[in-house]
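Structure first, commentary second.
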Amino acid sequence: MARITAGVGSSHVPLLGVAHDLGKDKDAYFGPIFAGYEWTREWEKAEKPDVILLVYNDHASAFDMKIIPTFAIGCAEQYKPADEGWGPRKVPDVIGHPDLAWHIAQSLIFDEFDMTIINEMDVDHGLTVPLSMMFGAVKAWPCKVVPLAVNVVTYPPPSGNRCWALGEAIARAVASFPEDLNVQIWGTGGMSHQLQGPRAGLINREWDNMFLDGLIGESDRLRHIPHIEYLRETGSEGIEMVMWLIMRGALGTATRALHRHYHVPCSNTAIGHIVLEPAG
Amino acid sequence: MTGPTDIHSYLAELEDIPGTRVFTAKRARQGYHLNQFAMSLMKPENRARWKADEKAYLEEWPLTDDQKAAMLARDYNRLLDLGGNIYFLSKVFSTDGLSFVQAVSTMTGVSVEDYQAMMNAGGRSPQGLRSKKEGR
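So the protein lines, in turn, are chains D and Y. Okay, so the first sequence: first residue is 80 according to my numbering, each after it adds one. Okay, so the second sequence: first residue is 2 according to my numbering, each after it adds one.
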């Protein structure tokens with residue numbers, strides 16, 4: 080049977096992709112950020128996941144204003160890096176796992192989560208930056224990826240509670256997939272940042288670390304944080320952190336932290352990264 | 002359920018944050034064509050046409066005069082007021098060759114150098130910027 084063996088949380092700032100692609104990852108600005116991912120790169124080499132369920136948000140790349148799905152799952156064979164205005168990133172195509180993706184999609188709908196199915200799309204920095212951070216420069220990504228896109232752009236996005244519950248349903252779906260697969264779930268985006276208006280540049284180190292603390296152990300208090308708290312405390316784009324709760328919800332009643340990293344700033348953003356395993 | 006169960010009080014709270022325009026349905030409707038225009042710049046052939054003649058390219062889109070003027074002036078705060086969303090507008094400033102820091106700093110009333118220095122020093126504190134009503 081397939082099983083979720085670990086959860087990874089990570090920011091997905093586009094500038095990290097630029098720094099990675101231009102080989103600036105060891106300079107004075109980016110060095111301390113990338114250093115916090117070295118542990119994870121070694122760990123991933125040992126873990127050899129078969130599939131990553133990668134929770135992210137599309138930043139006006141695959142989805143424009145025509146259609147705004149709250150939760151959408153990628154069931155395609157493969158995905159190309161999106162052209163976000165400066166040409167596509169020169170990273171490998173992302174290979175999907177349509178059998179698992181369709182199994183999860185069907186199971187979730189059966190479980191009363193009304194998923195949107197995506198059969199064709201390009202994937203933007205929200206998905207490819209975490210892959211670069213965790214796997215580095217590679218000719219091909221070392222595993223398959225099932226993209227799970229969440230609307231955190233047009234209000235209202237899903238509640239933290241709903242995201243957590245979706246994670247729980249994803250865990251049930253994965254556990255009923257007959258093939259023996261080592262599956263990780265990644266929640267990406269955040270941490271505190273605001274990219275718009277006179278309040279742009281907001282960072283809240285204390286709140287971010289409270290959030291990282293809350294992912295560890297038995298507590299499920301994070302699922303009850305209302306949107307307005309993310310907005311007030313972590314900036315308008317800090318709302319992306321609800322996506323980490325899908326990852327956390329999928330890990331079961333308790334977690335253990337294997338690795339943790341926090342750094343300010345990267346571009347306009349606080350970088351957060353955590354590796355968790357189920358401990359329930 | 003987390004937070005208010007009534008959509009009206011939920012939406013009212015979103016307007017209580019200083020210096021912030023949350024991308025609500027109202028803004029999404031107002032900015033629909035503005036954001037779709039920005040989205041069109043993901044295609045290299047459209048970027049080339051936009052760069053060759055911005056005004057002519059804008060004329061192909063059903064934008065208001067205010068939206069067109071704000072776009073030509075790259076007045077991003079004004080564009081947010083007129084329904085623009087930052088992820089869509091990012092296609093415009095990326096086409097201009099600006100980074101997020103460079104473009105975002107233009108909305109804050111300080112130079113890009115000062116903005117970057119603020120970020121390097123740990124970013125903007127939320128203190129006093131959480132709520133207009135409560136002034137905290």
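Just so it is clear, CB atoms sit at the ideal spot from N, CA and C, and this is done for glycine as well. Owing to the predicted nature of the structure, the values given are computational and were not obtained by experimental measurement.
Helix, strand or coil at Y/S95 [DSSP, three-state]: Within the second sequence, numbered from 1, the residue matching residue 95 of chain Y stands at position 94. Residue state, collapsed to three classes: helix.
Reduced DSSP category for D/C345 - H, G, I as helix; E, B as strand; rest coil: Here residue 345 of chain D is taken as the residue at index 266 of the first sequence, counted from 1. In this structure, DSSP gives D/C345 an extended state, which the three-state scheme calls strand.
Tell me which residue opens and which closes the beta strand (DSSP E) that D/N198 is part of. The residue labelled residue 198 of chain D in the question sits at position 119 within the first sequence. The continuous stretches of beta strand (DSSP E) do not include D/N198, and DSSP gives it neither H nor E.
Quick check on D/W181 - is its C-beta less than 9 Å from some C-beta in chain Y? If you number the first sequence from 1, residue 181 of chain D lands on position 102. At a cut-off of 9 Å between C-beta atoms, D/W181 does not count as an interface residue with respect to chain Y.
Between the stretch 124-131 of chain Y and the stretch 265-281 of chain D, can you find at least three pairs of beta-carbon atoms closer than 8 Å? Yes, the stretch 265-281 of chain D is in contact with the stretch 124-131 of chain Y.
Alpha carbon to alpha carbon, how far is Y/S132 from D/T84? Give it in angstroms, no decimals. Taking the first residue of the first sequence as 1, we reach residue 84 of chain D at position 5. Taking the first residue of the second sequence as 1, we reach residue 132 of chain Y at position 131. Rounded to the nearest angstrom, the gap between the Cα atoms of D/T84 and Y/S132 is 41 Å.
Within-9 Å CB hit, D/W323 to chain Y: Translated into the one-based positions of the first sequence, residue 323 of chain D becomes position 244. Taking Cβ atoms only, chain Y never reaches closer than 9 Å to D/W323, which makes this a no.
Considering just the uninterrupted stretch of the beta strand (DSSP E) at D/R82, what are its terminal residues? Position 3 of the first sequence, counted from the first residue, corresponds to residue 82 of chain D. Residues 82-89.
Return the bridge partner residues of D/P160 from the DSSP annotation. For the purposes of this step, residue 160 of chain D is taken as residue 81 along the first sequence, with counting starting at 1. Paired residues: D/V202.
What does DSSP give as the partner residues of D/H138 in its beta bridges? For the purposes of this step, residue 138 of chain D is identified with residue 59 of the first sequence, where counting begins at 1. Under DSSP, D/H138 takes part in no beta bridge, so it has no partner.
With distances taken between CB atoms, is the gap from D/E308 to D/T267 smaller than 9 Å? Within the first sequence, numbered from 1, the residue matching residue 308 of chain D stands at position 229. Within the first sequence, numbered from 1, the residue matching residue 267 of chain D stands at position 188. Contact: no.
Just checking my contact of Y/I87 with D/L274 at CB under 8 Å: how many whole Å lie between their CB atoms? Working through the second sequence from its first residue, we reach residue 87 of chain Y at position 86. Working through the first sequence from its first residue, we reach residue 274 of chain D at position 195. Rounded to whole angstroms, the Cβ separation of Y/I87 and D/L274 is 5 Å, and the two are in contact under 8 Å.
If you draw a straight line from the C-alpha of D/P344 to the C-alpha of D/F189, how long is it? Here the question's residue 344 of chain D lines up with position 265 in the first sequence. Here the question's residue 189 of chain D lines up with position 110 in the first sequence. Here the C-alpha atom of D/P344 lies approximately 42 Å from the C-alpha atom of D/F189.
So what does DSSP say about D/H340, is it helix, strand or coil? Taking the first sequence and counting its residues from 1, one reaches residue 340 of chain D at position 261. Assigned with DSSP and collapsed to three states, D/H340 falls in strand.
Does the CB of D/L227 have a neighbour CB from chain Y at under 9 Å? Residue mapping note: residue 227 of chain D aligns to position 148 of the first sequence, counting from 1. Answer no: the Cβ-Cβ gap between D/L227 and chain Y never drops below 9 Å.
Say whether chain Y places a C-beta atom closer than 9 Å to the C-beta of D/Y341. Within the first sequence, numbered from 1, the residue matching residue 341 of chain D stands at position 262. Chain Y contact via Cβ: absent.
Chain-ordered chain Y contacts of D/G276 [CB-CB under 7 Å]: Counting from 1 along the first sequence, the entry for residue 276 of chain D is found at position 197. Within chain Y, the residues near D/G276 are G20, T21, R22, N78, L81, M108.
Completely contained alpha helix (DSSP H) runs for the stretch 93-126 of chain D, where each covers 4 or more residues: Counting only runs of 4 or more, we get 93-100, 110-126.
Could one say the Cβ of D/P234 lies closer than 9 Å to chain Y's Cβ atoms, at least one of them? Position 155 of the first sequence, counting from 1, holds the residue named residue 234 of chain D. First, the residue type needs correcting, since residue 234 of chain D is Tyr and not Pro in the sequence shown. Answer yes: the Cβ-Cβ gap between D/Y234 and chain Y drops below 9 Å somewhere.
Length-filtered (3 minimum) beta strand (DSSP E) runs lying within the stretch 52-127 of chain Y: Entirely contained in the stretch 52-127 of chain Y, not one beta strand (DSSP E) run reaches 3 residues.
Residues bridged to D/R335 [DSSP beta-bridge criterion]: The residue given as residue 335 of chain D occupies position 256 in the first sequence. In DSSP, D/R335 forms a bridge with D/E356.
Just the Cα atoms here: how many angstroms apart are D/V130 and D/K223? One-based indexing of the first sequence puts residue 130 of chain D at position 51. One-based indexing of the first sequence puts residue 223 of chain D at position 144. When rounded, the distance between both Cα atoms is 5 Å.
What would DSSP say about D/A279, mapped onto helix, strand or coil? Numbered from 1 along the first sequence, position 200 holds the residue referred to as residue 279 of chain D. Three-state result, D/A279: coil.
What residue ranges within the stretch 284-313 of chain D form continuous alpha helix (DSSP H) runs of no fewer than 4 residues, ordered along the chain? Fully contained in the stretch 284-313 of chain D are the following alpha helix (DSSP H) runs of length 4 or more, in chain order: 284-294, 306-313.
Here's the rule I'm using: 16 or more other beta-carbon atoms within 10 Å means buried, otherwise exposed. How should D/R137 be labelled? In the first sequence, residue 137 of chain D corresponds to position 58, counting from 1. Before going on, a small fix: residue 137 of chain D reads as Asp here, not Arg. Residue environment analysis places D/D137 among the buried positions, since at least 16 neighbouring C-beta atoms fall within 10 angstroms of its C-beta.
Output the boundary residues of the alpha helix (DSSP H) element that contains D/Q263. Position 184 of the first sequence holds residue 263 of chain D. Note, D/Q263: premise wrong, no alpha helix (DSSP H); beta strand (DSSP E) at 261-267.
Neighbour-count burial assignment, D/L101, 16 or more Cβ in a 10 Å radius: Here residue 101 of chain D is taken as the residue at index 22 of the first sequence, counted from 1. Counting Cβ neighbours within 10 Å, D/L101 comes out exposed, since fewer than 16 surround it.
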